[in-house]
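Comments concern the structure below.
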Amino acid sequence: MRIAIVAHGRFHAFDLARELRALGHDVTLLSNYPAWVRSRFGLEQVDYRPLVAHGASERVLSRLVPARRQLFEQARHEWFGRWAARTLGGGHWDVVHCWSGVSEEILRSPELNGAVRVLMRGSAHIREQSELLEAEEQRLGMSIERPSPWMVAREEREYALADRIVVLSTFARTTFERRGVTASRLSVLPLGVDTAAFGVDAEVRERRAARVLEGRPLRVVYAGALSAQKGLLDLLEAARRCADLPLVFELVGAALPEMAGPLAARPGNVVVTGAVDQGALPAVYAVADLFVFPTIQDGFGMVLSQAAAAGLPILCSTNCAGPELIAAGAPGWVVPIRRPDLLADRLRWCHEHRPALAEMVRTTFVPHVRSWRDVAEDFAGHAREWVSAMRRERSA
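Have a look at this one:
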């Protein structure tokens, strides 16, 4: 198949393009990273077409506070969308797989009517995401970064224009169905992980179990942006409720401005490591005992797959892919969003039932963790179904 992938950043587009090409598909990737990244991410065999000026401007704008970035939001997204529509125009594509927010121009292009136009949405339905984050603003008592009314309207137009919509978890699919999107237009594509980098052997698991049984402070790791959207208010409150326990909470990630106050007032059992390179995360997970992810909303939560591959018991919210990973065999527990009391109760259980926790660590086997090749094969299977369905519809 001839597949075009359009993403205004890296996301998982690079991994998907690389593995689809390895499966023998003709893949073109449009992004805003410079061309030299092809060798870094294994894209040498992919037809890579960059809009470098857009990527450079995004890096400059990323230094601005969110309110100022939104002043340029419409221009940035329409610029990329118009360029992508022009670049793809005139080509023959079986599937055009494009990221939400920059795809309205692509989806409206009459030159692409022969392709199945598949929108990728990496979070919950944007209106539901906006409402969840509006409630977080009220809890925090200050503005936080969330979708603007302009972006909500634009994405909802994209949802209506797309032939199919890909989401990354059952949670995300449910938010679309609640908003009236027909189930037949939705496909769930769970993400993968570099199993070679993040997977651990029996020796690492045995060292973790030994730490647990020796009574050492349990090391509870969170990885990702330190933001209200990721449930940091609840994580900090859970840490306060566990102040009498031998637990250490390590927060790995860049802090958004909205979290400056809460992090400054964090309890003494919370350590902020800050952002680390992706390549450093396996070492972080190897010395951890538990992974916590109390997100308010996440379309998937890629760190969850990383933690599962690392054999860490996971404590997560309902609003991500964690429930599916745990149902598939990963050790862990799921709690509703905004319930720091339940987070604390489960962490207290882990301390008070160390033999049971050590057994979970020792016996963990994670065949359910998907590689990027698995994701590409899954996508290709969906693509064949989409193309066949379109041909049937047009011949009817």
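Per the working numbering, the very first residue in the sequence shown carries number 92; after that it's consecutive. All residues carry an ideal CB built from backbone N, CA and C; glycine is no exception.
Could you spell out where the alpha helix (DSSP H) holding residue i opens and where it closes?
i      : result
Ile235 : First-last for Ile235: undefined, no H or E at that position.
Asp325 : Leu323 to Arg332
Phe105 : Ala104 to Ala113
Phe289 : Thr286 to Phe289
Gln397 : Met393 to Ala400
Ala301 : Ala293 to Leu304
Leu416 : Gly413 to Ala418
Arg199 : Glu195 to Arg199
Gly352 : Ala351 to Ala355
Leu33  : Nothing in the structure corresponds to residue 33, since the chain is present only between 92 and 487.
Pro358 : Looking at the DSSP string, Pro358 is not in any alpha helix (DSSP H), and its letter there is neither H nor E.
Ala374 : Leu372 to Ala377
How far does the beta strand (DSSP E) with residue i in it extend, from its first residue to its last?
i      : result
Phe171 : Premise fails: Phe171 lies in the alpha helix (DSSP H), Glu164 to Leu179, not in any beta strand (DSSP E).
Arg310 : Leu309 to Ala314
Phe340 : Leu338 to Val343
Val362 : Val361 to Val363
Quick one, which of the options has its alpha-carbon nearest residue i's?
i      : options                           : result
Ile96  : Asp138, Ala113 and Gly133         : Asp138
Trp241 : Arg167, Thr273 and Gln229         : Arg167
Val426 : Gly420, Leu438 and Ala419         : Leu438
Gln136 : Val128, Val143 and Leu142         : Val128
Leu416 : Leu434, Leu433 and Gly392         : Gly392
Ser462 : Ile405, Ile428 and Ala400         : Ala400
Gly283 : Gln397, Gly232 and Ala226         : Gln397
Ala287 : Met92, Glu468, His99 and Arg464   : Arg464
Gln165 : Arg154, Arg177 and Val243         : Val243
Glu225 : Gln320, Val257, Gly100 and Leu198 : Gln320
Val187 : Glu169, Ala147, Pro238 and Leu252 : Leu252
Val361 : Leu347, Leu372, Glu297 and Arg332 : Arg332
Leu324 : Leu342, Arg310, Gly182 and Gly172 : Leu342
Gly100 : Gly146, Gly420 and Arg357         : Gly146
Arg429 : Pro373, Leu107 and Gln388         : Gln388
Phe267 : Pro446, Leu395 and Ala215         : Ala215
Arg485 : Gly205, Ala104 and Gln161         : Gly205
Ser191 : Met481, Met451 and Gly390         : Gly390
Pro452 : Tyr376, Trp477 and Arg475         : Note that residue 452 is Val in the sequence shown here, rather than Pro. Closest by alpha carbon: Tyr376.
Val303 : His444, Phe470 and Ala418         : His444
Pro414 : Pro281, Glu202, Leu162 and Gly172 : Pro281
Report back the beta-carbon spacing between residue i and residue j to the nearest angstrom; my notes put them in contact at under 8 Å.
i      : j      : result
Leu210 : Ser194 : 6 Å
Pro308 : Val339 : 5 Å
Cys411 : Phe289 : About 18 Å; that fails the 8 Å criterion.
Val312 : Phe382 : 6 Å
Gly344 : Ala329 : Rounded, the Cβ-Cβ distance is 17 Å, inconsistent with contact.
Leu198 : Glu249 : 6 Å
Trp424 : Leu406 : 5 Å
Val207 : Arg255 : 7 Å
Val394 : Gly322 : Not a contact, Cβ separation roughly 13 Å.
Per DSSP, residue i forms a beta bridge with which residues?
i      : result
Phe262 : For Phe262, which the question treats as bridged, DSSP gives no partner whatsoever.
His72  : No statement about residue 72 is possible, as the shown extent of the chain runs from 92 to 487 and does not include it.
Cys407 : Phe384 and Val425
Arg255 : Val209
Ser278 : Val257
Leu317 : Ala346
Asp117 : Arg93
Would you say residue i lies against chain D (beta-carbon separation less than 8 Å)?
i     : result
Ile96 : Considering every chain present, this structure includes no chain D. It has just one protein chain.
Quick one: does the C-beta of residue i sit closer than 7 Å to a heavy atom of the ligand ZN?
i      : result
Cys441 : As presented, the structure is devoid of all ligands, the ligand ZN included, so that no description of it is given.
For the segment 436-484, which segments carrying the alpha helix (DSSP H) assignment without a break, of at least 4 residues, lie completely within its bounds, in sequence order? 445-454
At 3 residues or longer, and completely inside the segment 119-155: list those beta strand (DSSP E) runs for me, N to C. 138-141
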